[in-house]
Each structure stands twice: as C-alpha cells, then as structure tokens.
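Note that this note's numbering has the sequence shown beginning at 1299, numbered continuously upward.
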Amino acid sequence: MPNWLNNFMYGRYGFDNLSRFMMILWFAIAFINLFFKSYILYAVTLIPAFLILFRMLSRNIIKRRAENARYQAIANKTGAWFSFRRQKLREIKTHRYRKCPHCSAVLRLPRKTGVHTALCPRCKNRFEVKIVL
Ligand SMILES: [Zn+2]
C-alpha cells in the first residue's frame, strides 16, 4: 500500500466480511441489471456501493465491528443450515436423520427400512422411527 493511502486509512475501519457480502450483492444486482437496464435498479446498486465506502472510511470502529458481528452471526447460521443439508444429501444412501420428539435432538440413524425403536442419547427416551426408503 502506498504511504499516503496508509496515512489516509489510519484509524479508519476498512474492509470486512459484511463489506464483502455487500460487494457480492452489488455485483449481483449490477449483473441482473445488464438484462433489465433499469435506472431504478442502477440506483439500487449505488446503495451497497455507498455503504461499503462509508463503512471503510468510518472512524467509529466499535460500531462497525458490532455490525459485522451481527452479520457474521446470521451468516454462520445460514452456513450451518446449508452444510447440514449437504451432509444429509451426501449420506442419503446410508443414513437418515430424525428428530427426537421429546428433546428435539437430531439423531443420525442407519438406513434400515421398516419401523424401529430409537434411543435418544440426550434424553434417554425411546421412540418409534419409521424409515420408508
Ligand atoms: Zn431426546
């Protein structure tokens, strides 16, 4: 980084994961707008662009960090949701996932068709599990 830019950015927040997400959003909207060519959508693309610039140059680092932490919590939750779906799909031939009716823990069971009794390792309750295919 050149020295003048280093001096300019000193004490300012800079780039983070939330900014990266907004940049992806910005490019996605801009890409969609290649087909629509609407002025309203063009104006919408300016919103994330402006926000990224504002957050990068902001001196209120505590507030920007809190925003990023809130974004990160949501992003982690959605990431875990998708990762569980991917895992279920990967193991579709060998395992089935069922929720315990008492404590709602998710159990990973071997794929054996028929009606079985499962023992929940968390609450030690037994419940019937029907695996169709
Ligand atoms: Zn349970």
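The beta carbon of each residue, even a glycine, is placed where N, CA and C say it ideally should be. Note that this is a predicted model, so its numbers are computed, not measured.
Neighbour-count burial assignment, residue 1320, 16 or more Cβ in a 10 Å radius: buried
Assigned exposure category for residue 1402 - 16 Cβ within 10 Å defines buried: exposed
Secondary structure, beta strand (DSSP E): runs of 3+ residues fully inside the region 1319-1377: none
Run of the beta strand (DSSP E) containing residue 1425, from where it starts to where it stops: 1424-1429
Proximity test, residue 1416 beta-carbon vs ligand 1 heavy atom, cut-off 7 Å: no
Pairwise C-alpha distance: residue 1420 and residue 1331: 51 Å
Proximity test, residue 1424 beta-carbon vs ligand 1 heavy atom, cut-off 7 Å: no
Whole-angstrom distance between residue 1414 and residue 1370, CA atom to CA atom: 40 Å
Residue 1393 beta carbon near ligand 1 (any heavy atom closer than 7 Å): no
Cα-Cα separation between residue 1316 and residue 1418, rounded to whole angstroms: 39 Å
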